[in-house]
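First comes the structure, then the notes that go with it.
Protein chains: 2
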Amino acid sequence: MESYSIGVDLGGTNLRIAAYTRANNLLDTILLPTRLEAGREAVAEDLSSAVETLERRFSSQYKLIGVGVGTPGPLELPAGILHHLPNLPGWDGFELKAHLEARLKRAVIVESDANLAALAEYVLGRGKTLGVDSLCMLTLGTGVGNGIILEGKIWDGAHGMAGEAGHATIYPDGPACTCDSNGCLEMYASATAVVRVANERAASGEAPRLVQPEGAPKWTARALAHAADAGNADAAKVYTDAGRALGIGLAALVNTLNLPLYVVGGGLVQAWHLMQATIFEELIHRSYVYRLTAPGSKVAKGHPKGATQLLPAELGPDAGLLGACILPFLELERR
Amino acid sequence: MESYSIGVDLGGTNLRIAAYTRANNLLDTILLPTRLEAGREAVAEDLSSAVETLERRFSSQYKLIGVGVGTPGPLELPAGILHHLPNLPGWDGFELKAHLEARLKRAVIVESDANLAALAEYVLGRGKTLGVDSLCMLTLGTGVGNGIILEGKIWDGAHGMAGEAGHATIYPDGPACTCDSNGCLEMYASATAVVRVANERAASGEAPRLVQPEGAPKWTARALAHAADAGNADAAKVYTDAGRALGIGLAALVNTLNLPLYVVGGGLVQAWHLMQATIFEELIHRSYVYRLTAPGSKVAKGHPKGATQLLPAELGPDAGLLGACILPFLELERR
Chain A
184 MESYSIGVDL GGTNLRIAAY TRANNLLDTI LLPTRLEAGR EAVAEDLSSA VETLERRFSS
244 QYKLIGVGVG TPGPLELPAG ILHHLPNLPG WDGFELKAHL EARLKRAVIV ESDANLAALA
304 EYVLGRGKTL GVDSLCMLTL GTGVGNGIIL EGKIWDGAHG MAGEAGHATI YPDGPACTCD
364 SNGCLEMYAS ATAVVRVANE RAASGEAPRL VQPEGAPKWT ARALAHAADA GNADAAKVYT
424 DAGRALGIGL AALVNTLNLP LYVVGGGLVQ AWHLMQATIF EELIHRSYVY RLTAPGSKVA
484 KGHPKGATQL LPAELGPDAG LLGACILPFL ELERR
Chain B
184 MESYSIGVDL GGTNLRIAAY TRANNLLDTI LLPTRLEAGR EAVAEDLSSA VETLERRFSS
244 QYKLIGVGVG TPGPLELPAG ILHHLPNLPG WDGFELKAHL EARLKRAVIV ESDANLAALA
304 EYVLGRGKTL GVDSLCMLTL GTGVGNGIIL EGKIWDGAHG MAGEAGHATI YPDGPACTCD
364 SNGCLEMYAS ATAVVRVANE RAASGEAPRL VQPEGAPKWT ARALAHAADA GNADAAKVYT
424 DAGRALGIGL AALVNTLNLP LYVVGGGLVQ AWHLMQATIF EELIHRSYVY RLTAPGSKVA
484 KGHPKGATQL LPAELGPDAG LLGACILPFL ELERR
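Chains A and B, in that order, give the protein sequences. Counted from 1, the first sequence has number 235 at position 52 by the numbering used here; the numbering is strictly sequential. Counted from 1, the second sequence has number 344 at position 161 by the numbering used here; the numbering is strictly sequential.
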């Protein structure tokens, strides 16, 4: 009997629950709103019911090997306790793993969603294509998530909180972040950030072409990218500045970790073409590790690991959900 | 017969070559000037002769298990080739490992000196005291070195160039660094940097108490620390600003890696007491991973890995040399 897993992506807006086999990828996906106003126990119940629905649907045909759940960070591991999540207010201290295991009467693996996106990109995306054993991924969405895969395993860190490079400082005197720091990468290179920057520049008079006529729809990251593509230089500058912050952050990661692959994913990566020039400009300027090992460099040629690659993600918005589905397979192999 | 190793610390000013046993630590150390003007082959010959001297001295009594050599980075591994070292001009592309192995007719392990300092601190210093399996060390000397130990092993990265967080950007518009970037941690928190900052502030009139009377000795990092200890507020500010840059850099490392231990070593750490307030101020401000896992925090209590610790190094200036001596023992165990 073929094995299958169930993966859950627990987000601040939506719950996605999927059944997955290695041969067929996603068999089926259930999409539900995250009923934050009903409280965390109600959301956990929605999630558990959906897991059971998929279990009933597939367990005659396949053997269920495990359930993986992705949540926003910071997540305390191995206990699986949530802490201070800006997008899940009221969930601080929630023992998600224990709660789900008691409800579902089976082991549940909990991981941060950004780590799971990195895992999916490693197993099914760029990592697979390039055949590398390690990578670092930044996921540009509402915030900037980060996941690190070292020698085939998620690097969770001592407490489960590794991979928070979205909160590395880029400009020390920059705007206040939800994490209570200032000038985090997330304040410049997330979907939220580009919209905030556009609105600030419109209001200050710095970017007259970003001023919207009265009654016009508000800026979204997508609308800004369309405007930039249509020749709006102020909109384009929002993205080149985001790329600059990304390049500064990536250069520090390259200098610190020297991995063979860095991947940028998440919704904002649809504007990769608007950001890539400044990303690489800063990366080349600020990382001699990158300069020495970039494609075509002296070290890259003839080195067993090849060049350091920086690429947009291959997988789309399903990356986190796919990672939640993959994780039970990897854990099983490790035992 | 008890085993011993020979370790080499190849620096821009001095060569240090030592024999080491686990029971007796350093048996003997040879100190030589690094004859840069004589060329890299001459330096390699000085180093090889000293290794042979120690070998003759100890091989009747102990069994030589290997030779470890530490050099400034960036170092290409596994080939053991040096690249663009600011402190070893003319050494770019030198195949140090192959050269020494041909000369000494035995396997030689080459590693970056900052990685070896971290290894020594892991095996014999703070890592041993705290019983952790991973740590990240910053070595504040002429530059800012960095070494990362993950689960008991040096994290070399794909090309041997991991651990260059000394070249992470702290202030993007800061002064030009020897690595051709701007505003690197090394430009604020090295011995070279504090002297440069003091001289700049004296010359600009910003720090009148740093202006030296004519004929007085030039500022050194040590003299600045003494002046700060004696109540010179301008000298003290040079160190609190260095601590601020360190705290910003450490916060990014804590957010990215979530290790149980961060260690600050090197000559400048003698001024730890002058820097620690701003180091911790920035770290607490900029790292929610640290805030959640700091000593006394909710997560730290009861977590199997305990708290995230940030401490000055336990070992002194011998750390790099000790690491070079330890490495052959670890490699042997791994085989």
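Just so you know, even glycine gets a beta-carbon here, dropped at the ideal spot from N, CA and C.
Compute the distance between the beta-carbons of residue i and residue j, then report whether it is under 9 Å.
i      : j      : result
S295/A : G330/A : yes
M370/A : G357/A : yes
D417/A : R379/A : no
A300/A : G506/A : yes
P255/B : L230/B : no
A435/B : T491/A : no
T403/A : A460/A : no
I248/B : Y187/B : yes
P355/B : Y354/A : yes
V482/A : E259/B : yes
A297/A : T476/B : no
T322/A : A454/A : no
Within its chain, find whatever has a CB closer than 6 Å to the CB of residue i; leave out the 5 residues flanking it on each side and keep chain order.
i      : result
V437/B : S470, V472 and Y473
A385/A : L393 and V394
L237/A : I189 and A202
M184/A : K246
L513/A : none
L390/B : The sequence as given places Ala at residue 390/B; Leu does not occur at that position. Around A390/B: R384 and D417.
I332/B : A301, Y305, S317 and L318
P478/A : A490
How close, in whole Å, do the beta carbons of residue i and residue j come, if the pair is a contact with beta carbons under 8 Å?
i      : j      : result
V293/A : L279/A : 6 Å
L407/B : V447/B : Not a contact, Cβ separation roughly 17 Å.
G310/B : L318/B : 5 Å
N197/A : L219/A : Going by Cβ atoms, the distance from N197/A to L219/A rounds to 11 Å, so no, they are not a contact pair.
For residue i, tell me which candidate among the options has the shortest Cα-Cα distance.
i      : options                           : result
T375/A : A507/A, G450/A, S231/A and L513/A : G450/A
D501/A : S188/A, A341/A and I200/A         : I200/A
I467/B : H350/B, V452/B and G426/B         : G426/B
P400/A : N382/A, T352/A, L429/A and E220/A : N382/A
G343/A : H266/A, L247/A and A225/A         : H266/A
G503/B : S188/B, G194/B, Y187/B and E185/B : G194/B
L313/B : A390/B, C319/B and Y305/B         : Y305/B
G326/B : G310/B, L307/B and C367/B         : C367/B
D211/B : A221/B, A345/B and R240/B         : R240/B
L440/A : K484/B, C362/B and H350/B         : H350/B
V191/B : T322/B, G328/B and E235/B         : E235/B
H486/B : K288/A, A262/A and I509/A         : A262/A
A221/B : L214/B, I213/B, G273/B and P269/B : G273/B
L268/B : A413/B, S480/B, I462/B and T361/B : T361/B
G328/A : H409/A, R289/A, P257/A and G398/A : P257/A
V452/A : P478/A, G479/A, C508/A and M320/A : M320/A
L494/B : I462/B, E516/B, E224/B and H409/B : I462/B
Looking only at its own chain, which residues have a Cβ that is under 8 Å from the Cβ of residue i, when we skip the five neighbours before and after it?
i      : result
K488/A : V315 and P443
G276/A : I264, L265 and H266
L498/B : A300, A303, E304, L307, G308, G448 and L505
E228/B : R286
S480/B : R474 and A490
P216/A : T196, N197 and L198
E224/B : H282
R517/A : none
Enumerate in chain order the residues of its own chain whose CB-to-CB distance from residue i is below 7 Å, with the five nearest sequence positions on each side excluded.
i      : result
V291/B : V250, V252, K280, L283 and E284
A419/B : A411 and L457
E465/A : R427, G430, I431 and A434
A359/B : N365
L510/A : G251, I292, E294, L299 and L302
N415/A : R392
V421/A : V377, V380, A381 and L407
A345/B : I331, W338 and D339
Is the CB of residue i under 9 Å away from at least one CB in chain C?
i      : result
G328/B : Considering every chain present, this structure includes no chain C. Its protein chains are A and B.
> Can you find at least 3 beta carbon pairs, one from the segment 319-336 of chain A and one from the segment 204-216 of chain B, that sit closer than 8 Å?
Replying inline: no
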